[in-house]
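Novice: Right, I'll just put the structure down here and ask away after.
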Amino acid sequence: MNAYVLEILFPTGWRRSGELHWRYADATEAATVAVYQSAARAARVLPVHVLANDVFSIERPASTGIADMEDLSDE
2 MNAYVLEILF PTGWRRSGEL HWRYADATEA ATVAVYQSAA RAARVLPVHV LANDVFSIER
62 PASTGIADME DLSDE
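The following block contains the structure:
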């Protein structure tokens, strides 16, 4: 999967944003907003490749009913 991330130039240097943009148009719009509505001097859009394989995943255990709820309330 392809996505885009912003690098924004502040007076102290380039910083990468933590947001992924899935469409190029959204990324360029966010870059424009960053330059005109903040202390940014410039912004650039970088392409990134997102792997579909997860590195970590967690699932909620299946509840067995009211007994589980009582156990949680004691903690």
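Residue numbering for the sequence shown follows the numbering used here, beginning at 2 and increasing consecutively.
Just so it is clear, CB atoms sit at the ideal spot from N, CA and C, and this is done for glycine as well.
#1: What residue from Pro48, Val34, Pro12, Ala43 has the CA that sits closest to asparagine 3's CA?
#2: In terms of residues, what are the limits of the beta strand (DSSP E) holding alanine 53?
#3: Whole angstroms are fine: how far does the CA of arginine 24 sit from the CA of tryptophan 15?
#4: Can you give the Cα-Cα distance for glycine 19 and alanine 63, rounded to whole angstroms?
#5: Quick one: what's got a C-beta closer than 8 Å to leucine 21's C-beta in the same chain, skipping five residues either side?
#6: Is the beta carbon of isoleucine 9 less than 8 Å from the beta carbon of alanine 28?
Specialist: The structure says:
#1: Start at 1 with the first residue of the sequence shown, and residue 3 comes out as number 2. Among Pro48, Val34, Pro12, Ala43, the Cα nearest to that of asparagine 3 belongs to Pro48.
#2: Reading the sequence shown from its first residue, position 52 is the one you call residue 53. In the DSSP assignment, alanine 53 falls outside any beta strand (DSSP E) and carries neither an H nor an E.
#3: If you number the sequence shown from 1, residue 15 lands on position 14. If you number the sequence shown from 1, residue 24 lands on position 23. If you take the alpha carbons of tryptophan 15 and arginine 24, they lie about 22 Å apart.
#4: Your numbering for residue 19 matches position 18 in the sequence shown. Your numbering for residue 63 matches position 62 in the sequence shown. Approximately 33 Å between the Cα atoms of the pair.
#5: Start at 1 with the first residue of the sequence shown, and residue 21 comes out as number 20. The residues are Ala4, Tyr5, Val6, Val49, Val51.
#6: As a working mapping, residue 9 is identified with position 8 in the sequence shown. As a working mapping, residue 28 is identified with position 27 in the sequence shown. Cβ distance not < 8 Å, so isoleucine 9 and alanine 28 don't count as in contact.
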